[in-house]
Amino acid sequence: MRLSRLSKPDVALIGGVFVIGLAIRLYATLAGGGLTAYGIYDDGVYYASAIAFVHGFLPYRDFGILHPPGIILIGAPFAALGSIFGDPAGFALARLSFLFIGALNAALVALLALRFGRLAALLSGLLMAIWYGARFADHTFLLIAPQTLLLLVALLLLTSDQRPGLRRVAIAGACLGASTSIQIWNGLPLVVLLGWMIWSDWRAGESWYRRAASFLGGAAVAGAIICLPFFIAAPRKMLEMTILDQLQRPDAGKALITRLGMLEGWPRGGFGHMPDVVTALLAPIIAAAVAVTAWVVPATRVWAVVLALEVAFILRAPVQFLHYTGWIAPLLVLLLGIGMARAIEAARARPVVVRAAAIGLPVAVFAVISVVSVAQRHGSRIATDLILEQVADARCVTADGPGLLILTDLFRRNIANGCEWKVSTSTTSYHLDPGASGARRGRPSAANYQREMRRYYTSGQAALFIQLRPDGLTKATGAAIAQNLPKFEQIGRVGLALSASSDVACDPSYPTVCLPSPPPDLACRDFFFRRFPVVAPDPHGLDRDGDGIACAKAPIGG
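This is the structure:
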């Protein structure tokens, strides 16, 4: 579709979708913790990897990451700016840019659906703009937004009333090759679209090999430009981390109904959390709507095939997170939007009750999605000034979430000081303790991971913790860390384990460990100390059974 052929109403429609998409994304972020909030684990991993890269460290060779290097190259300009203005500013700019990309993706969805009519474009674009499952994937510096952008550009190049030429096919292949260099999963739509192109040409009696060769050539060139330098530097490690370690990730044990709820894009807690019965009812309805659209509108069938394979892949994957929904979002909203538009158009010649139902159902769907989406905010603020005050004398500071070190501007300082640093402790567990493909294994039973975590956390004079529980650390590992970092302080969501020389006032109720007096109140899950004596008045209430021993039964990790 040529942009020059768009009418003013078309441009207004697409622009309106972009504005709505950007507005709801900005609101969710700014009304939450803001651009410098702590949100989820993964965005810190990718930005920390970019910091390490601009300091001359190469992924796979010098540090571990489970994905191809595309996201690191995307993050490098922001990390370079962070070296000038501070990493909190660089991180915030990266997040803001991804909010724009998310809104742009919604506009591109509308543009792609425009060939099926303005109503289809409006419904598809608005779904992408407001659906929580779609916007959560691009609310911060994650993998999904740029690869979705590349996929949509490829589909626009391949979708035409006429057979696309070799140049357009090659550029589309390059987009998908670059997308696969961000997340290896994107090889799936690349293969399906290649097969569809070959089948379409063969069915039309055209020579298929030239377009197939152009498509594959574009993908190969883009993939080689992005990945080959890193592969040459560390071929074995790159293959191990991006393929073998991914395949051997432990099964998180999520039930099918939980996975379906996440794919439907419902928040996992708080306002908008859907009961399992609703999730179970919606799943076949959505599947049926997609199937009917693919049957009635032949041009959408290849999208339905890609979508079905993506859903099957995620449901079979050992782990699943809410932002994975963003991977299926563009094709799902296209098929649903086009299907709703066709249903509304078909109902025009029907009785008034049918017309009212055809219009009322989409309106109700959009109303529910809008309310749920607007109610969700992203991230929480971290008291960075207070944290920095406590670790001011620490030469090296470790953390269980790299985002903490980025928001406090400590990650780059660790590198400059020659400290031990990691972009991801999770990657450490996958790489050091590989198991048979698909086998269930946990970090508490991973001996190499426990050994490495003891070494890592005890390499500095302070450690920051923000996970709900220490990340799979055993009691023995926790005790070893507590021996080196015996003082503890809680600042909001962040726990600080500090060296004995740290200036922290210790409450006398806990004579063998160093815990500050309230506020805030502490619980056993907040720190590593276990089975230590307590004397009255026990202001934190850690000795619940009154036997004089605190945290006697509290587990460290799971």
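FYI, the numbering for the sequence shown is 930 to 1487, going by this note's numbering. All residues carry an ideal CB built from backbone N, CA and C; glycine is no exception.
Residue i classed as buried or exposed, judged by whether at least 16 other C-beta atoms fall within 10 angstroms
i, result
"D971", "buried"
"P997", "buried"
"R1454", "exposed"
"H1307", "buried"
"H1068", "buried"
"L1402", "buried"
"T1441", "exposed"
"P988", "buried"
"G1199", "Interpretation of G1199 is limited by its pLDDT of 44, a score under 50 that renders its predicted location unreliable; no figure is taken from the coordinates."
"D1472", "buried"
"P1448", "exposed"
"I1172", "exposed"
"I1013", "exposed"
"R1460", "exposed"
"S978", "buried"
"V1219", "buried"
"K937", "exposed"
"R934", "exposed"
"G950", "buried"
"L1157", "exposed"
"A1365", "In this prediction, A1365 has a pLDDT of 38, which is less than 50 and means its spatial position is unreliable; what the coordinates show is noted afterwards. A1365 should be labelled exposed."
"R1279", "exposed"
"Q1091", "exposed"
Neighbourhood of residue i by C-beta, 6 Å cutoff - its chain only, sequence neighbours within 5 removed
i, result
"R1097", "L1086"
"C1435", "C1443"
"G1367", "Caution applies to G1367, whose pLDDT of 37 falls short of 50 and renders its modelled position unreliable; the model cannot decide the point."
"V1303", "none"
"A1103", "G1147 and A1151"
"A1467", "Residue 1467 is actually Asp in this sequence, not Ala. So the qualifying residues of the chain are S1438."
"D1476", "none"
"V1320", "V1326 and A1391"
"F1020", "Y976 and I1335"
Nonlocal neighbours in the same chain, by C-beta distance under 7 Å from residue i, ignoring five residues either side
i, result
"R1284", "A1276 and R1277"
"L1211", "E1193"
"F986", "F992"
"P1259", "N1034, V1038, M1057, T1077, L1080 and L1081"
"P1484", "Its pLDDT being 44, under 50, P1484 is placed unreliably by the model, and nothing is read from it."
Reference residue i, options the options, closest by Cα
i, options, result
"T1406", "A1392, R1383, P1447 and G1424", "R1383"
"A1246", "I1059, P1227, L1192 and T1222", "L1192"
"F1065", "V1464, T1254, A1005 and A1209", "T1254"
"D1205", "A1223, V1221, W1195 and I1186", "I1186"
"T1327", "V1423, S936 and K1183", "V1423"
"R990", "W1125, M1170 and S1110", "M1170"
"I1154", "G999, P1437 and A981", "G999"
"V1300", "G1470, Q1177, P1196 and A1376", "P1196"
"Q1419", "D1450, S1430, S1438 and Q1390", "D1450"
"V1221", "G1182, M1269 and E1239", "M1269"
"I1214", "Q1175, L1265, A1009 and K1183", "L1265"
"A1209", "A1184, A1005 and V1231", "A1184"
"W1125", "V1235, L1041 and I1030", "V1235"
"L1123", "G1347, G1134 and G1106", "G1106"
"A1237", "A1228, L1251, W1224 and A1216", "A1216"
8 Å contact criterion, which residue i and residue j should meet: CB distance rounded
i, j, result
"S877", "P1373", "What is shown of the chain runs 930 to 1487, which leaves residue 877 out entirely."
"A1039", "I943", "5 Å"
"Y1378", "T1357", "6 Å"
"D1016", "I1335", "5 Å"
"L1095", "R1139", "6 Å"
"F1036", "F947", "First, the residue type needs correcting, since residue 1036 is Ala and not Phe in the sequence shown. Yes, they are in contact, since the Cβ atoms of A1036 and F947 sit about 4 Å apart, within 8 Å."
"A1323", "Q1390", "4 Å"
"T1088", "R1044", "7 Å"
"Q1249", "R1188", "5 Å"
"L1056", "V1262", "4 Å"
"G1004", "Y967", "Going by Cβ atoms, the distance from G1004 to Y967 rounds to 17 Å, so no, they are not a contact pair."
"V1463", "I1478", "7 Å"
"V1231", "V1120", "Wrong, their Cβ atoms sit about 12 Å apart, outside the cutoff."
"S1309", "G1062", "No, S1309 and G1062 are not in contact; Cβ-Cβ is about 21 Å, not under 8 Å."
Min CB distance residue i to chain B below 8 Å
i, result
"G1475", "Among the chains in the structure shown there is no chain B, since it carries only a single protein chain."
Residues near residue i in its chain [Cβ-Cβ closer than 8 Å; skip 5 each side]
i, result
"S1136", "D1130"
"R1024", "T958, L964, D972, H1068, T1069 and F1070"
"A960", "R1306"
"R1341", "I980, H984, G1011, S1012 and D1016"
"A1008", "Y976, A979, I980, F982, V983, D1016 and G1019"
"S1026", "F1007"
"I1273", "L1048, A1287, I1288 and P1291"
"R954", "L1028, G1031, A1032, R1064, D1067 and H1068"
Complete alpha helix (DSSP H) runs within the segment 1411–1449 (minimum length 4 residues, chain order): none
Extract the residue ranges of the alpha helix (DSSP H) inside the segment 1324–1389, only unbroken runs of 4 or more that lie entirely within it. 1331–1336, 1340–1345, 1354–1361 and 1376–1386
Going residue by residue through the segment 1211–1283, where are the continuous alpha helix (DSSP H) segments of at least 4 residues, counting only ones entirely within it? 1230–1245 and 1254–1275
4 or more residues per run - each alpha helix (DSSP H) lying fully within the segment 1052–1139: 1061–1065, 1073–1087, 1095–1109 and 1116–1132
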